[in-house]
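Report on the following structure.
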Amino acid sequence: MMRTSGILLPIFSLPGGHGIGCFNQEAYKWIDYLKQAKQSYWQILPLGATSYGDSPYQSFSTFAGNPYFISLDDLVAKNWLNIDELPIQEENTTIDYANLYHTRFDLLRLAFERSHITDNHDFQSFINNEAYWLNDYALFMAIKDYLNGISWQQWPEDIRHRTTDAMNYYTNKLQENITFYKFLQFIFWEQWQKLKAYANSQGISIIGDIPIYVAYDSADTWSNPHLFQLDENLLPTAVAGCPPDGFSADGQLWGNPLYAWERHAQENFSWWISRISWCYKLYDVVRIDHFRGFDEYYSIPYGNTTAKGGHWVKGPGINLFQQIKNTLGNKEIIAEDLGYLTDSVRQLVKDTGYPGMKVLEFAFDSRDSSGANNYLPHNYNENCVVYTGTHDNETMLGWFKSILPEEKNTLRRYLCTDTQDDLKLLDKAICLAMQSVAKMCIIPMQDWLQLDNTSRINKPSTLGGNWCWRMNNSQLSEKLNQKIASITATYGRDKK
3 MMRTSGILLP IFSLPGGHGI GCFNQEAYKW IDYLKQAKQS YWQILPLGAT
53 SYGDSPYQSF STFAGNPYFI SLDDLVAKNW LNIDELPIQE ENTTIDYANL
103 YHTRFDLLRL AFERSHITDN HDFQSFINNE AYWLNDYALF MAIKDYLNGI
153 SWQQWPEDIR HRTTDAMNYY TNKLQENITF YKFLQFIFWE QWQKLKAYAN
203 SQGISIIGDI PIYVAYDSAD TWSNPHLFQL DENLLPTAVA GCPPDGFSAD
253 GQLWGNPLYA WERHAQENFS WWISRISWCY KLYDVVRIDH FRGFDEYYSI
303 PYGNTTAKGG HWVKGPGINL FQQIKNTLGN KEIIAEDLGY LTDSVRQLVK
353 DTGYPGMKVL EFAFDSRDSS GANNYLPHNY NENCVVYTGT HDNETMLGWF
403 KSILPEEKNT LRRYLCTDTQ DDLKLLDKAI CLAMQSVAKM CIIPMQDWLQ
453 LDNTSRINKP STLGGNWCWR MNNSQLSEKL NQKIASITAT YGRDKK
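Residues 3 to 498 in this note's numbering are what the sequence shown lists, from first letter to last.
Encoded structure:
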């Protein structure tokens, strides 16, 4: 089994101007940096078109891409935008989503008007091939614009229930805006496919991320209400989340609608198979978020203000993954099997054969209720992926400052060091992950950069300040690149 490694860095965290990381030349330079550092993988977060709160895990569609990731420079090259129309090219280390929302779509509409895209053969092929999701998504977004952004729950009853007359009325009335949203997805697709092809040509595979749940205010829920636990008024009867644990006394109330799994099974999980199949057009490997939810999912009555009143309900189990394998063949999947685990969850991961995840921070943190022994490297087997932390965790340096002194001493003993220097301790922790037997090791870029929690990507169950961190070009030094390459080679992870 080949030993490999990679780096976790969201698209939005890439350096450069224009307010947010995107598919521009900085992304290509990043791929070059990964190759030079002897990495095999670039792990990203979901590419979805984000909604309120800016979380990539709460998207308007499980299929549609985020228009903010479209390279404006590429639109200039096509003569659809003028360079003096672009935002100021200053690097920013945090993303201002409010400003993007109020300015980016005006630019994209300008490009759309100048593109004469309906005459483009590739565009016509794209919208025909992807009609099974694109038509509903583009109509959903056009109606949302027309109704001033309100949730589809508040739309007029006829279009909320998708009556034939209402669907025809809005499709005809909003045709121009529907085409605009199809244009955005075509450009997103075209730019991403070019970037991914370049990554693959340089020996870099893309690890994508698929959230288990979809947002209630999404084209997915609106167009497939029978696949979710909704009442006759199309309101959720129960929503998703996680129970209280050492990290959150109230648990996590995510608020996503839950699946009507019996309906999915009756349809041979066709919606899920379409979803997974689409992911493999975007990524080489897919990490499935909250994998334990396929064994049992946590159901919270709709309207509850915390997750305390929820209970566990049996999920689809191995049947879903057997159907995926039967239809799509063997696919590279990483099971995000973190959190409260039972024997049946562990058995499901084992039955699928997918590698699970190990997070070093959990091995030494008494707040974790899933059992520290599961995360201590001497207990790993080869079929797993080890992380120092994920996008939901503190950076390693930030974590050092938040754990109890005795927990930090336990870490020092495990690393056979008495150093009081947190930067040296961080280097040793990274090496601990890299030297483990895990077949794949993924290090968040913030840990390589030795950054504290001001650079944390997400703090679960909080609003504001998340999904905002950006790297700057000055941090991508040759010295750091050589360090990453050296550690990678030392532990035999440079021979994909």
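Backbone N, C-alpha and C fix where the C-beta goes; we use that ideal spot for every residue, glycine too.
- Contact between the stretch 292-305 and the stretch 233-244 is established, with three or more Cβ pairs separated by less than 8 Å.
- Our two residues, Leu-406 and Arg-162, have alpha carbons roughly 51 Å apart in a direct line.
- DSSP lists Gly-358 as the bridge partner or partners of Cys-386.
- For Asn-258, the enclosing beta strand (DSSP E) begins and ends at 254-259.
- DSSP places Pro-48 outside both helix and strand once states are collapsed to three, so it counts as coil.
- Per the coordinates, the alpha-carbon of Phe-107 lies some 44 Å from the alpha-carbon of Met-4.
- Buried is the label assigned to Leu-49, since at least 16 other Cβ atoms lie within 10 Å of its Cβ.
- DSSP places Pro-69 in no beta strand (DSSP E); its state is neither H nor E.
- Three or more beta-carbon pairs separated by less than 8 Å link the stretch 351-363 to the stretch 383-394, which places the two stretches in contact.
- As computed with DSSP, Leu-10 is found in a beta bridge with Gln-45 and Pro-446.
- DSSP places Cys-244 in the uninterrupted beta strand (DSSP E) bounded by 240-244.
- Under the DSSP assignment, Gly-400 falls in the alpha helix (DSSP H) whose first and last residues are 398-404.
- In the three-state DSSP reduction, His-123 falls in the helix class (H, G or I).
- Taken through DSSP and simplified to helix, strand or coil, Ile-214 comes out as coil.
- Cβ-Cβ separation between Ser-42 and Ser-73: approximately 25 Å, too far for a contact (criterion under 8 Å).
- Non-local beta-carbon contacts of His-393 in its own chain, meaning distances under 8 Å to residues more than five positions away in sequence, involve Leu-10, Pro-12, Leu-47, Pro-446, Ile-459 and Asn-460 in chain order.
- In terms of Cα proximity to Phe-62, the closest of Phe-114, Trp-154 and Asn-130 is Trp-154.
- Within the same chain, Cβ atoms closer than 6 Å to the Cβ of Phe-271 are found at Leu-322 and Gln-325, the five residues on either side in sequence being excluded.
- In summary, Gln-126 is exposed, with fewer than 16 beta-carbon neighbours lying within 10 Å of its beta-carbon over all protein chains present.
- Taking the Cα of Arg-164 as reference, the smallest distance to any Cα among Asn-202, His-228 and Lys-198 is reached at His-228.
- Segment contact: the stretch 198-210 against the stretch 279-297, three or more CB-CB distances shorter than 8 Å; contact assigned.
- The DSSP assignment places complete alpha helix (DSSP H) segments of no fewer than 4 residues inside the stretch 163-190 at 166-175, in order along the chain.
- Around the beta-carbon of Gln-91, fewer than 16 other beta-carbon atoms lie within 10 Å, marking it exposed.
- With three or more CB-CB distances shorter than 8 Å, the stretch 23-42 counts as touching the stretch 187-200.
- Distance from the Cα of Gly-400 is smallest, within the candidate group Leu-425, Glu-408, Thr-412 and Thr-419, for Leu-425.
- Where Tyr-59 is concerned, there is no enclosing beta strand (DSSP E), because DSSP gives it neither an H nor an E.
- A distance below 8 Å separates the beta carbons of Leu-141 and Thr-173.
- In the DSSP assignment, the residues bridged to Trp-471 are Thr-96.
- For Leu-232, the beta-bridge partners assigned by DSSP are Pro-238.
- Here Val-439 carries a coil assignment [DSSP, helix/strand/coil].
- With respect to the 8 Å criterion, Gln-254 and Cys-244 are classified as neighbours on the basis of their beta carbons.
- Put simply, the backbone Cα of Gly-494 is about 33 Å away from that of Trp-280.
- Minimum Cα-Cα distance from Gly-248 among the listed residues Thr-344, Met-143, Phe-364 and Gln-477 corresponds to Phe-364.
- According to the DSSP secondary-structure assignment, Glu-298 is paired through a beta bridge with Lys-316.
- The three-state reading of DSSP puts Arg-5 in coil, since its state is none of H, G, I, E or B.
- Going by DSSP, Ile-290 is part of the beta strand (DSSP E) stretching over 287-290.
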